[in-house]
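Residue numbering for the sequence shown follows our numbering, beginning at 18 and increasing consecutively. Each residue gets a CB set at the ideal place from its N, CA and C atoms; glycine is no exception.
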Amino acid sequence: MRKSKLLVGMSMLGILMLVGAACADDDGGPSGDGATDGGTSATAECDADEFGCVEVAEGDPIVIGTLLVISGANASLGQDSQNGAHMAADFLDGTFDGANGDILGHTVEFNDQDDGCSAEGGQAGAEALAADDSVVAVIGTSCSSAALGVADTILSDAGYVLISPSNTGPALTDPAQHQEFYLRTAHNDKLQGAAVAEFAATELGAQTAATIHDGSPYADGLQQVFADSFSAAGGTITTQEAVQVGDTDFGPLLTDIAADAPDVLYFPIFVAEGGLITAQARQTSGLEDTVLIGSDGMFTPDWIEAAGVENANGVYISGPDLTSFTGDVNFYNDQFLPAYEELFGEEPQSVFHAHSYDAANMLFAAIEEVAIEDGGSLFIPRTALKDALFATEGFEGITGSLTCDENGDCQRTATMAVVTVENGEFTEAVFTKELSLDETG
């Protein structure tokens, strides 16, 4: 089985990708008709907008916020996304040269904040960005726990668009909880949970399964979708257990789970706890024949290192299938990945860099669509920017064709993959499944 360091297609595979410049005009800038000027009064437009306009004076940059986890055990998740967003700004001039391009004559700059992969980090970062009225919009968060009821609420209340490349928790786009200015280019875990349940039931022949979550909206939501889907397929959930972030001794919990000898143990959590659970499960009597499955929160070499290679070998991991992002030109393979390695000195270490690249390009296109040039300055109405993003239909990005629904899901159809670990490296997919929110609800 051919191997790659990350999700199927993350090394130099012959994968046809959609041209990043499909998000751009001939000069590498975002597509659109350009800023309004002449007959449109910036004052009238800004006065009519509930949240007013961001004014970008002549010679000043367009500032984009990022709110991603860039420290701690999960830093690879957020750094990967931050790199993707920065690369989108770099490619505005049609080349990856390490220098940001411009939109309507204004260079793009970033205000990068750390979401800490926590509610506390999401609050602190969102408050810092909302206090900066030069920030046009925000790409983030990495973790659903930093967004749900925290960053999504703070920024929506202030009229700042928040578009996430990696939030997958179902609750964020649930109509009962969705915040008006929140969108995402990541898949909804209604798709991932259903795909993993099908893999467990049909490919592994599992009849029983147990789950572990860490209480976060991401982990809890994903394991619940898995449990519901597995049960609907005729399987039995033996137990659904919770741990706390920061816990280190999972022996007693794993012993309790082992009493039922489940065929599968699904623990869609993050690097630190995921690594410890993997290692300790290997030492737990009664789990010798239990198949271990993790998810994209652990889809990084950092988790393999945390678990130990021998413990990680044979574990299955689910996440987005990057090989499903096919297009007319091999942009991702021939341009994006070599540039990524050249700019950052390594291959992508997580799986959402492409989603972040697309999120940034969607945002750049929307800015160009709604911006008003007046008196040498650029005025960007906040509500109009949000409306333009929610009106996105058929936006051709690296991850495919994006169309945003009223609840902020822009990737309503996605192909999920399951890989395994061999000799300390992620393999190509052993299972893929294309699913749509129209099917899963």
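ask   = Is any heavy atom of the ligand COA found at a distance shorter than 7 Å from the C-beta of Ser-341?
value = Of ligands this structure carries none, so the ligand COA is not represented either.
Cut-off 7 Å between Cβ atoms - residues of its own chain near Gly-6, not counting five sequence neighbours on either side = Not covered by the structure: residue 6. The range shown for the chain is 18 to 458.
request  = Have a look at Gly-55 and Glu-385 and give me their C-alpha separation to the nearest angstrom.
outcome  = Here the model assigns Gly-55 a pLDDT of 44, short of 50, so the residue's position is not dependable, and the following value carries that caveat. Rounded to whole angstroms, Gly-55 to Glu-385 spans 16 Å at the Cα level.
message = As an exercise, report each continuous beta strand (DSSP E) stretch of at least 3 residues that is fully enclosed by the segment 307–354, in chain order.
response = Within the segment 307–354, the complete beta strand (DSSP E) runs of at least 3 residues are 308–311 and 333–337.
query = Expressed to the nearest angstrom, what Euclidean distance is found between the alpha-carbon atoms of His-123 and Ala-141?
reply = Straight through space, the alpha carbons of Ala-141 and His-123 are spaced by roughly 28 Å.
request  = Give the single residue among Thr-416, Val-242, Val-213 and Thr-400 whose Cα lies nearest to the Cα of His-370.
outcome  = Check the Cα spacing between His-370 and each of Thr-416, Val-242, Val-213 and Thr-400: the tightest is with Thr-416.
inquiry  = Using a Cβ-Cβ cutoff of less than 6 Å, which residues in the same chain neighbour Glu-451 once the five nearest sequence positions on both sides are dropped?
reply    = So the list reads Thr-432, once near-sequence residues are dropped.
inquiry  = Measuring CB atoms only, is the segment 402–409 touching the segment 127–137, in the sense that at least three cross pairs come out at less than 8 Å?
reply    = No contact exists between the segment 402–409 and the segment 127–137.
DSSP-derived helix/strand/coil call for Leu-452 = In the three-state scheme derived from DSSP, where H, G and I count as helix and E and B as strand, Leu-452 is classed as strand.
inquiry  = Quick check: Ala-105 and Phe-342, are their CB atoms within less than 8 Å of each other?
reply    = Remark: C-beta atoms of Ala-105 and Phe-342 do not approach each other more closely than 8 Å.
task = Tell me where the beta strand (DSSP E) around Ala-211 begins and ends.
result = Looking at the DSSP string, Ala-211 is not in any beta strand (DSSP E); the run it does join, the alpha helix (DSSP H), is 206–215.
ask   = Can you tell me whether Asn-440 is buried or exposed, with buried defined as 16 or more other CB within 10 angstroms of its CB?
value = The C-beta of Asn-440 has fewer than 16 other C-beta atoms within 10 Å across all chains shown, which makes the residue exposed.
message = Between which two residues does the beta strand (DSSP E) holding Cys-63 run?
response = Unbroken run through Cys-63 is the alpha helix (DSSP H), 59–65; no beta strand (DSSP E).
task = Starting from Ile-389, trace the beta strand (DSSP E) both ways and give me its first and last residue.
result = Under the DSSP assignment, Ile-389 falls in the beta strand (DSSP E) whose first and last residues are 389–391.
Spatial distance of Gly-268 from Pro-285 (CA atoms) = Put simply, the backbone Cα of Gly-268 is about 18 Å away from that of Pro-285.
query = What does a CB cutoff of less than 6 Å around Gly-49 pick up in its chain, not counting 5 residues either side in sequence?
reply = Here Gly-49 scores only 39 on pLDDT, less than 50, and its place in the model should not be relied on; the value that follows carries that caveat. Result list for Gly-49: Ala-382, Glu-385 and Glu-386, in chain order.
query = Can you name, in chain order, every residue of its own chain whose Cβ lies under 6 Å from the Cβ of Phe-113, other than the five neighbours on each side?
reply = Only residues of its own chain outside the window of five on either side were considered, and among them Asp-107 and Ala-356 have a CB closer than 6 Å to the CB of Phe-113, listed in chain order.
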